[in-house]
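> One structure, pasted below without further comment.
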Amino acid sequence: MYYLNNNLKDLVRIFDQNERKNYLRLDLNENPGGLPQDFIDSILPEITPQLIAQYPETHHFSEVLAKHLNTTPEHLCLVNGSAEGIRYIIQAFTSESGKIVGVVPSYFMFQVYSEMYGRSFVKVPYNDDLSMDIQNIISTLTPDTQLLILLNPNNPMGNVYSETEFQEIIKVCEQLEITILVDEAYHYFYPKTFIKYALTSKHILVTRTFSKLFSMAGCRLGYVVGHPDEIKMVQKLCTPHNTNAFAMLVAQKLLETPGILSSLIEDYTLGRDYLIKELNSHKYLHKGDAGNFIFIKPKTNALTIVEKMKSQKQILIKSYSNVGNFGTCLRVTIGAKQYMERFLDALFELDNTN
Ligand SMILES: Cc1ncc(COP(=O)(O)O)c(C=O)c1O
12 MYYLNNNLKD LVRIFDQNER KNYLRLDLNE NPGGLPQDFI DSILPEITPQ
62 LIAQYPETHH FSEVLAKHLN TTPEHLCLVN GSAEGIRYII QAFTSESGKI
112 VGVVPSYFMF QVYSEMYGRS FVKVPYNDDL SMDIQNIIST LTPDTQLLIL
162 LNPNNPMGNV YSETEFQEII KVCEQLEITI LVDEAYHYFY PKTFIKYALT
212 SKHILVTRTF SKLFSMAGCR LGYVVGHPDE IKMVQKLCTP HNTNAFAMLV
262 AQKLLETPGI LSSLIEDYTL GRDYLIKELN SHKYLHKGDA GNFIFIKPKT
312 NALTIVEKMK SQKQILIKSY SNVGNFGTCL RVTIGAKQYM ERFLDALFEL
362 DNTN
């Protein structure tokens, strides 16, 4: 008998990311400038026919990454982008119809995977002033909750949790036996991390990516951090050879090249500080700059601005609707100053009330 997985029938996926070549792309929180050309050139001699022909070997890169994180490889599972790690965590630590709690708005794939695997995703909304009270999260947790998803910082809201708040959440999750997934895709833009909890306790896992500060979204590489027993379970779900040789080579070079990460952070910080100063002086309301993105409340219509940015200025940005007091607003990726200048010139021209 022909069979189609029922969960897929109404599942909505958005595949709109192609043909962006001639645009300034400030819509997906990539690094618009990318890695320095001389860094890329220095890697090219190592792209040999053998590297391409052989199945990728993860041993060496896992050691390099573990050293960077002050841990050992048993605590790490390499994945093809952290989105894949998130999928595996949902598969490993929740059951059919199991309850997953997460804040909204947030990275949409949490809800997509929940639906794909027939889980029940319970949404914790933000307050109207765009703050998130952890009591809102805690009061949603019940004995039948299997997974709590937190983002530190959250995309797109940019909010973060303090250590005390996180510890309070852990206490409740331990009592109710709930696994915690902390998505740290925007770590490095925001330096505080909860990785030590994933390294020292069970039932807390952290996902990280090389797509954001490391500027390698095109290579697809991420990792899950956790207790070795749980990492083994995540590894069982991996497609064979799920992380590619080229991605691991570039990431290894980034981790081993002195000064390159701090110069990426510096470029971003200069761009962010410039953007915020200009937005303030033009009296724009904005929110959430802990990651490499920001919410901006426009003075005119957000949807029209997104459309005109694309058609008249070749700049791609996103709009979000129903964002508390901000209503429908813009979400813009933060990059080096030159890209922020181009974006701001366009914004001040298009978002004009005169
Ligand atoms: C919060 C968050 N988590 C995870 C991801 C997925 O990143 P990747 O699969 O490229 O590692 C994204 C991508 O934008 C994100 O915003």
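Read in order, the letters of the sequence shown correspond to residues 12 to 365 in my numbering. No residue lacks a Cβ here, since even glycine has one placed at the ideal position from N, Cα and C. Treat the numbers as computed from the prediction; the structure is a model and nothing was measured.
1. Can you grab the Cα-Cα spacing for the pair residue 341 / residue 34, in whole Å?
2. DSSP puts residue 194 in a beta bridge; with which residues?
3. Is there at least one non-hydrogen atom of ligand 1 closer than 6 Å to the beta-carbon of residue 256?
4. If you measure from the CB of residue 301, is any heavy atom of ligand 1 nearer than 6 Å?
5. From which residue to which residue does the alpha helix (DSSP H) around residue 124 run?
6. Regarding residue 40 and ligand 1, is the C-beta to nearest heavy atom distance less than 6 Å?
7. Say yes only if the C-beta of residue 166 is nearer than 6 Å to one or more non-hydrogen atoms of ligand 1, and no if none qualify.
8. What separation, rounded to the nearest whole angstrom, lies between the Cα atoms of residue 219 and residue 246?
9. Is the beta carbon of residue 244 closer than 7 Å to that of residue 94?
10. Can you have a look at residue 193 and say buried or exposed, based on whether 16 or more other CB atoms are within 10 angstroms of its CB?
11. Tell me whether residue 222, by its Cβ, gets closer than 6 Å to a heavy atom of ligand 1.
12. So does residue 162 have its beta carbon nearer than 6 Å to some heavy atom of ligand 1?
13. Take residue 240 and list the residues in its own chain whose beta-carbon comes closer than 8 Å to its own, dropping the five residues that flank it on each side.
14. Would you mind stating whether residue 183 and residue 88 have Cβ atoms separated by less than 7 Å?
15. What residues are listed by DSSP as bridge partners for residue 234?
16. Would you decide whether residue 267 is buried or exposed? Buried here means 16 or more other CB atoms lie within 10 Å of its CB.
17. Taking all protein chains shown into account, do 16 or more other C-beta atoms lie within 10 angstroms of the C-beta of residue 282, making it buried, or fewer, making it exposed?
18. Quick one: residues in its chain with C-beta nearer than 6 Å to the C-beta of residue 355, no 5 flanking neighbours on either side, listed in chain order?
19. Output needed for residue 128: all residues of its chain with C-beta closer than 8 Å, excluding positions within five of it in sequence on either side, in chain order.
20. Below 8 Å, can you find three or more Cβ-Cβ pairs linking the region 111-124 to the region 69-85?
21. By DSSP, does residue 317 sit in helix, in strand, or in coil?
22. From 248, 154, 199, pick the residue whose C-alpha is nearest to that of residue 187; which is it?
23. Which residue or residues does DSSP assign as beta-bridge partners of residue 36?
24. How far does the beta strand (DSSP E) with residue 307 in it extend, from its first residue to its last?
Reading from the atomic positions:
1. 17 Å
2. 162, 218
3. No, since every heavy atom of ligand 1 falls outside the 6 Å radius drawn around the Cβ of residue 256.
4. no
5. 120-127
6. yes
7. yes
8. 16 Å
9. no
10. buried
11. yes
12. yes
13. 213
14. Using a Cβ distance threshold of 7 Å, residue 183 and residue 88 do not count as a contacting pair.
15. 89, 219
16. Burial call: exposed.
17. buried
18. 289
19. 18, 101, 102, 105, 107
20. no
21. helix
22. 154
23. 327
24. 304-308
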